[in-house]
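Numbers 2 to 241, taken from this note's numbering, label the letters of the sequence shown in order.
Down below is the structure, laid out as structure tokens.
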Amino acid sequence: MTPESLFIVLPRYRRSYSVIASILLVSLTKVKKKTRETKEALIKEVRASVDKYKNLFVFNIEDMRSTHFIQVRQRFKTNSRFFFGKNNVMAIALGKDASSEYAPELHLVSKQLQGQCGLMFTLLSKAKVTSILKEMSFADHARAGHIARETISIPEGPLPQFAFSMEPQLRKLGLPTKLEKGTIVLYQDYEICKAGEPITAEQAKILKLFDYKLAEFKINLVSQWDKEQGYSSLGKSKNA
2 MTPESLFIVL PRYRRSYSVI ASILLVSLTK VKKKTRETKE ALIKEVRASV DKYKNLFVFN
62 IEDMRSTHFI QVRQRFKTNS RFFFGKNNVM AIALGKDASS EYAPELHLVS KQLQGQCGLM
122 FTLLSKAKVT SILKEMSFAD HARAGHIARE TISIPEGPLP QFAFSMEPQL RKLGLPTKLE
182 KGTIVLYQDY EICKAGEPIT AEQAKILKLF DYKLAEFKIN LVSQWDKEQG YSSLGKSKNA
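Below, the structure is given as structure tokens:
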């Protein structure tokens, strides 16, 4: 490229940069506007739920699984409303202090919005909600990082539940296996996980293969607020 050509090309680059910058600015403005509108809509919905429902519970979830949470929401869909995630926006909707709270003592509810938790607005009584939630705890396969609640070991011997083609995969996961006449055999006892220790990714895969379910999806009620009695702690916060 000659020095003369630079005088022709560079202005063109500057024009292109200016156009791209303008497009990016418009796009970012639209994103910010959409984000603000989404937050405002959530605040409006939370406050509308305060007006509509008698009881409000803060809850947290142990061993979160989306499929199980969907089942819970379906069970309560005719008499309740759930909000999960976006703790800061929900806290703003309820009020972060006594001077900004939407209704008396709701700022105390806001203080409980920490970690993986949510709000449940309902027409049902505390006793009824508690009863239903007890029915809706589900055993599931543990994921990596889960603290094992028990020690799981498998004894030496044949593993007829697995096809012979699975043997390399099991051996790769650390299992002491071999093939004997087309059957996978565990040639010594093997401890998959130990109680009180975090489960590794490999251990999680082995536990799933052997269908050991060490996790339990469960919803805990942390606190309650109702229009007549106000706020009360239920003492089941994992953050307490």
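Just so it is clear, CB atoms sit at the ideal spot from N, CA and C, and this is done for glycine as well.
Asked	Found
Alpha-carbon spacing of glycine 116 relative to lysine 135, whole angstroms	22 angstroms
Cβ-Cβ distance between glutamate 198 and leucine 180 below 8 angstroms	no
Classification of glutamate 123 by the beta-carbon crowding that lies within 10 angstroms, buried from 16 upward	Rather than glutamate, the amino acid found at residue 123 in this sequence is threonine. Burial call: buried.
Start-to-end residues for the alpha helix (DSSP H) that takes in isoleucine 133	127-136
Cα-Cα separation between arginine 144 and alanine 216, rounded to whole angstroms	8 angstroms
Strand pairing of asparagine 221, partner residues [DSSP]	Asn61
Glutamate 181 (DSSP reduced to helix, strand or coil)	strand
CB contact flag (leucine 187, isoleucine 148, <8 angstroms)	no
Cβ-Cβ distance between serine 224 and valine 110 below 8 angstroms	yes
Per-residue DSSP class, three states only, for aspartate 141	strand
Contact the segment 62-82 vs the segment 94-104: 3+ CB pairs below 8 angstroms	no
Residues of its chain near phenylalanine 8, where Cβ-Cβ distance is below 7 angstroms and the 5 sequence neighbours each way are ignored	Because phenylalanine 8 carries a pLDDT of 43, less than 50, the predicted location of this residue cannot be relied on, and the following value inherits that uncertainty. Correct list: empty, nothing qualifies.
Element boundaries [alpha helix (DSSP H), containing leucine 120]	Run containing leucine 120: none in the alpha helix (DSSP H); it sits in the beta strand (DSSP E), 118-123.
Beta carbon proximity, alanine 99 to chain B, threshold 8 angstroms	Among the chains in the structure shown there is no chain B, since it carries only a single protein chain.
Phenylalanine 83, DSSP secondary structure in three states	strand
Which listed residue (Glu157, Thr184, Glu151, Lys173) has its alpha carbon closest to that of phenylalanine 165	Thr184
Exposed unless 16 or more other CB atoms sit within 10 angstroms - verdict on serine 50	buried
Local Cβ density within 10 Å of glutamate 119, reported as buried at 16 or more and exposed below that	A small fix is needed here, since residue 119 is glycine in this sequence, not glutamate. It counts as buried.
Status (buried if at least 16 other CB within 10 Å, exposed otherwise) for glutamine 189	exposed
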